[in-house]
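Working notes, structure below.
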Amino acid sequence: MRRFLAPLAALLLATGVLAVLLPSTANAAACATAWSASSVYTGGAVVSHNGRNWSAKWWTQNETPGGADVWADQGTCTGGSGGGTACSYPNWVAGQWYAVGSIVRYTDGNHYIAVHENPGYDPVISHWYWDPYTCSGGPTDPPDPSGFVVSEAQFNQMFPSRNSFYTYSGLTAAMSAYPAFAKTGSDTVRKQEAAAFLANVNHETGGLVHIVEQNTANYPHYCDASQSYGCPAGQAAYYGRGPIQLSWNFNYKAAGDALGLPLLTNPWLVQQDAAVAWKTALWYWMTQNGPGTMTAHNAMVNGRGFGETIRSINGSLECNGGNPAQVQSRVNAYQRFTGILGVTPGGNLTC
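Numbering (mature numbering (1 follows the signal peptide of the UniProt record, and there is no 0)) for the sequence shown: -28 to -1, 1 to 323.
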């Protein structure tokens, strides 16, 4: 059979038929911009991956073309810079609802990504809702100077219903107080720590919705009168506030001393200033063992796992079977956030 096919192929080549029968890349489309696990794509976006172009059917991030139903195979591709095809985003429509991560083409020909959900606000007017977007797979704004491993778009994806008080800029500004946060170890470790911190914050605040503790009946109980400095702001002034729900007069005193802020006498600063609120959360994360045996920061950078951070924050009530549902809620958020960051969650997830 092989001996027969060889002369047949020679005959077909001579007659020009072989070009029809054998595959050819001569007419293959140019490859679009390469797919990126960290980029957000909306329906109609085109990327290239493993020598083929793929079209997104709906919103997606960190789902590999060829391995997820969201991507439709557009066939083989070759060469090309992908400048035009990667920008196959729908035209902006006034009054249409846009979720975080939606990308549109505005009437000026430029593209914009929704960083806050909105009912079709004008991208060139409503800058709080929209950021410029380029075909290369991300916003045109330069990376945050803090070097945080979580982009603002990823932060918004993690907390789609967050209170506007909890700003991304407030978080990145607060990080200057603790430069080792999410900047220690490998890229994987840094992303895992960021995800772990934000997952615990998510749990404490209901998805960054609550600024203050919701159970007002607890407010008078957070004054430890045995402390020499007492409770100068009032018996009921030291309730939970901020991303990690800082509470008790002694914690306000210690955090204020560490940060150079008058939190013992003015604990309300934590619910009034986003950067202060984030700083108190980072203070606890970076310096306090809580009911655990180490800080949450050390737990993540030393390989003890996410479960150990739960122990440091609320282990006396949740760990060792105390409240497995609460533990699982934290774990679920952590796994979701590591997925957004494109990193493995690691082991030792529970406590």
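Even glycine gets a Cβ: it sits at the ideal position worked out from N, Cα and C.
| query | result |
| --- | --- |
| Please classify Trp257 as buried or exposed, where buried requires at least 16 neighbouring CB atoms within 10 angstroms. | buried |
| Can you name the start and end residues of the alpha helix (DSSP H) that His88 belongs to? | Looking at the DSSP string, His88 is not in any alpha helix (DSSP H), and its letter there is neither H nor E. |
| For the 8 Å Cβ check, are there 3 or more pairs between the stretch 132 to 144 and the stretch 260 to 278? | no |
| Rounding to the nearest angstrom, what Cα-Cα distance links Pro95 and Met130 in this structure? | 22 Å |
| Helix, strand or coil for Leu321 per DSSP? | coil |
| Just confirm the distance between the C-beta atoms of Tyr211 and Cys203, as a whole number of angstroms; I'd bet it's less than 8 Å. | In fact, because the Cβ distance is near 12 Å, the residues do not count as touching under 8 Å. |
| Out of Gln260, Lys155, Lys225, Val315, point me to the one whose CA is closest to Val273's CA. | Lys155 |
| Do the stretch 244 to 257 and the stretch 294 to 307 touch if we need at least three Cβ pairs shorter than 8 Å? | no |
| With a cut-off of 8 Å on the beta carbons, I'd call Val87 and Glu124 a contact; round off their distance for me. | 6 Å |
| Could you please give me the residues that DSSP links to Cys49 through a beta bridge? | Ala1 |
| With a CB to CB cut of under 7 Å and the five nearest residues on each side skipped, what residues in its chain are close to Asp45? | Arg24, Trp26 |
| Could you have a look at Val173 and say whether DSSP puts it in helix, strand or coil? | helix |
| Spell out whether any CB of chain C is found under 9 Å from the CB atom of Ile216. | No chain C is part of this structure, which consists of one protein chain only. |
| Whose C-alpha, out of Gln68, Gly92, Trp64, Ala17, is nearest the C-alpha of Asn82? | Trp64 |
| Does Gly39 pass the burial test, meaning 16 or more other C-beta atoms within 10 Å, or should it be called exposed? | exposed |
| Can you give the beta carbon distance from Ala208 to Tyr191, rounded, assuming they're within the 8 Å contact cut? | 4 Å |
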